[in-house]
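Novice:
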Amino acid sequence: MGGPAPAVPAPDATCTLLPLTSFPKNKIKVLLLENISHTAIELFESECFQIETAPGALTEQELAEKLKDVHVLGIRSKMHVTEEALKAARRLLAIGCFCIGTNQVDLEAANRRGVPVFNAPFSNTRSVAELVIGEVIALARQLGDRSGELHRGTWKKVAKGCYEIRGKTLGIVGYGHIGSQVGVLAEMLGMKVVFFDIATKMPMGNNSAVATLEELLQASEFVTLHVPLSDATTRMISVEQLKHMKKGSYLINASRGSVVDLAALADALREGHVAGAAVDVYPTEPEKNSDGFTTELQGLPNVILTPHIGGSTEEAQAAIGREVATSLIKFVNRGTSAGAVNFPQLDFPQDSKSHRILNVHQNVPGVLRNVNSIISDLDVNIKAQMNMTDSNIGYLVMDLDKAVSHEVEAALRELPTSIKTRILY
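In structure tokens form, the structure reads like this:
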């Protein structure tokens with residue numbers, strides 16, 4: 001671990017100027033794992049939150065122990081937040097994934113406990129897109145092999161099997177934030193760009209959609225994958241799909257490791273059907289830099305292997321730190337859940353003249369009737385009220401008279417449908 005948590009910050013002039021909450025801000029504990037950017041730490045410090053950091057991931061048992069008194073958890077891609085760990089998280093308000101993916105968190109378990117999970121869907125887009133374009137050029141010119149040969153003292157100047165990328169077709173599987181950015185950059189370099197997505201997407205520039213994955217594979221000299229991990233995308237590129245690719249084409253995966261069947265890809269490379277590959281993600285990845293690593297692709301010609309560095313730039317990590325920390329702070333301070341991936345989304349304007357009550361409840365009939373009955377019995381005037389639901393839970397935000405808000409909160413906590421209730425300010 002990164003050492004003991006710092007002492008509780010003493011209230012100072014900066015803290016007293018911030019919006020007041022029912023729970024003192026300098027007692028809110030934030031645990032940040034896996035070397036999260038200092039931009040996030042600075043934002044949390046500006047709110048007077050307590051912060052504990054650690055450079056790597058924890059075991060499930062270690063995380064469960066830490067979560068007993070943590071209000072906000074921040075992780076990257078290696079830390080797995082399981083249902084078992086969440087059972088110990090009695091005070092946990094929110095989780096921030098300082099990356100794009102959220103499959104390392106049991107989203108369903110967090111949802112049932114009223115814990116929203118936030119991520120950064122935009123901030124590393126450019127960094128990943130630039131890496132992919134660099135790999136397109138590197139594969140076309142066999143740069144990895146030539147560099148390795150010179151490092152070993154072998155001079156091998158060849159043109160055979162090396163190509164310009166101008167005029168070649170790039171097929172993009174998954175035309176979201178990253179995929180569309182890759183398409184823009186590739187087109188600027190003179191490539192023809194086609195894409196396949198299960199949703200209808202507006203093409204950027206002269207990029208064009210194709211109807212099926214097979215059509216894309218058959219049309220492309222270069223194929224790059226930009227899809228989330230799901231049941232539908234697990235091993236979506238395997239033996240049959242590789243056969244559909246043009247002989248001598250190239251495959252790039254900077255999305256999720258389990259999207260590609262690496263054993264099948266290794267066979268296609270050995271057979272010469274696929275001329276090269278660049279892989280940044282793997283089905284199983286080391287927990288820390290000092291751990292060893294093996295893959296079926298090691299030692300194969302014209303294969304670029306990188307250790308999940310698509311978003312690992314100073315710019316991307318700083319932007320991710322700002323984006324996720326801002327979402328977490330808004331939820332802690334205002335109850336704003338906009339951007340949460342597993343939680344009803346609400347963004348309510350702040351009213352300093354009232355108390356805001358947040359209630360996460362089971363999504364069953366009669367909840368609002370019971371809530372409003374409590375308010376009516378206490379003769380309370382509701383200044384504002386909004387409720388949103390998903391399949392499991394509802395999220396209710398109410399602004400009430402300060403004089404009676406604590407009575408309302410206590411009554412809401414007693415409802416059998418309530419999961420979490422707190423007075424915000």
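Numbering of the sequence shown is given in the UniProt record's numbering, commencing with residue 1 and proceeding in unit increments.
Built from N, CA and C at the ideal position, the CB exists for glycine as well.
Label His355 either buried or exposed according to how many other C-beta atoms from any shown protein chain fall within 10 Å of its C-beta, with 16 as the threshold for buried.
Specialist: When all chains shown are included, His355 counts as buried.
Novice: Can you grab the Cα-Cα spacing for the pair Glu221 / Ser147, in whole Å?
Specialist: If I take the Cα positions, the gap works out to 23 Å.
Novice: Among the residues of its own chain, which have a CB less than 7 Å from the CB of Glu409, if the five just before and after it don't count?
Specialist: Same-chain partners within the cutoff: Ile357, Thr421, Ile423.
Novice: Going by other Cβ atoms of all chains shown within 10 Å of its Cβ, with 16 needed for buried, is Leu262 buried or exposed?
Specialist: Flag for Leu262 reads buried.
Novice: Determine the contact status of Glu60 and Ala278, defining contact as a CB-CB distance below 8 Å.
Specialist: No. Outside cutoff.
Novice: If I follow the unbroken beta strand (DSSP E) through His361, where does it start and stop?
Specialist: Note, His361: beta strand (DSSP E), 355 to 362.
Novice: Does the distance from the C-beta atom of Gln50 to that of Val30 stay below 8 Å?
Specialist: Contact: yes.
Novice: Taking only the alpha-carbon atoms, compute the straight-line gap between Gly321 and His38 and give it to the nearest angstrom.
Specialist: For Gly321 and His38, the distance between alpha carbons rounds to 7 Å.
Novice: Can you tell me the Cα-Cα spacing of Thr233 and Val173, whole angstroms?
Specialist: Using only the alpha carbons, I get a separation of about 11 Å.
Novice: Tell me which same chain residues have a C-beta within less than 7 Å of the C-beta of Val132, skipping the five on either side of it?
Specialist: Result list for Val132: Val182, Thr224, Ile252, Ala254, in chain order.
Novice: So, helix, strand or coil for Lys243, using DSSP?
Specialist: Reduced to three states, the DSSP call for Lys243 is helix.
Novice: Short check: CB of Phe195 to CB of Tyr163, under 8 Å?
Specialist: No.
Novice: Tell me the DSSP secondary structure of Ile28 in three-state form.
Specialist: DSSP places Ile28 in coil when its eight states are reduced to three.
Novice: Just the Cα atoms here: how many angstroms apart are Ala110 and Ala340?
Specialist: Using only the alpha carbons, I get a separation of about 11 Å.
Novice: Reducing DSSP to helix, strand and coil, say where Ser180 ends up.
Specialist: Helix, per DSSP.
Novice: Should Val239 go down as buried or exposed, given a rule of 16 or more other Cβ atoms within 10 Å for buried?
Specialist: That one is exposed.
Novice: Cutting at 6 Å between CB atoms, please list the residues of its own chain near Arg413, excluding the five before and the five after it.
Specialist: Contacts found: Thr421.
Novice: Could you check what DSSP says for Val260 in three-state terms: helix, strand or coil?
Specialist: Reduced to three states, the DSSP call for Val260 is strand.
Novice: Which runs of the alpha helix (DSSP H) at least 4 residues long sit entirely within the stretch 36 to 80? Give them in chain order.
Specialist: The stretch 36 to 80 contains these whole alpha helix (DSSP H) runs: 38 to 46, 60 to 66.
Novice: Is the stretch 312 to 321 touching the stretch 283 to 297 in the sense that three or more CB pairs, one from each, lie closer than 8 Å?
Specialist: No, because fewer than three Cβ pairs between the stretch 283 to 297 and the stretch 312 to 321 fall closer than 8 Å, the two stretches do not touch.
Novice: Taking the C-alpha atoms as reference points, what is the distance between Pro307 and Phe122?
Specialist: Computed Cα separation, rounded: 21 Å.
Novice: Could you check if Val8 is buried or exposed, using at least 16 other CB atoms within 10 Å of its CB as the buried criterion?
Specialist: Low confidence applies here, because Val8 scores a pLDDT of 42, under 50, leaving its location unreliable and the question unanswered by this model.
Novice: Looking at Gly96 and the ligand FAD, is the gap between the Cβ and the nearest heavy atom below 7 Å?
Specialist: The ligand FAD is absent from the structure shown, which contains no ligands of any kind.
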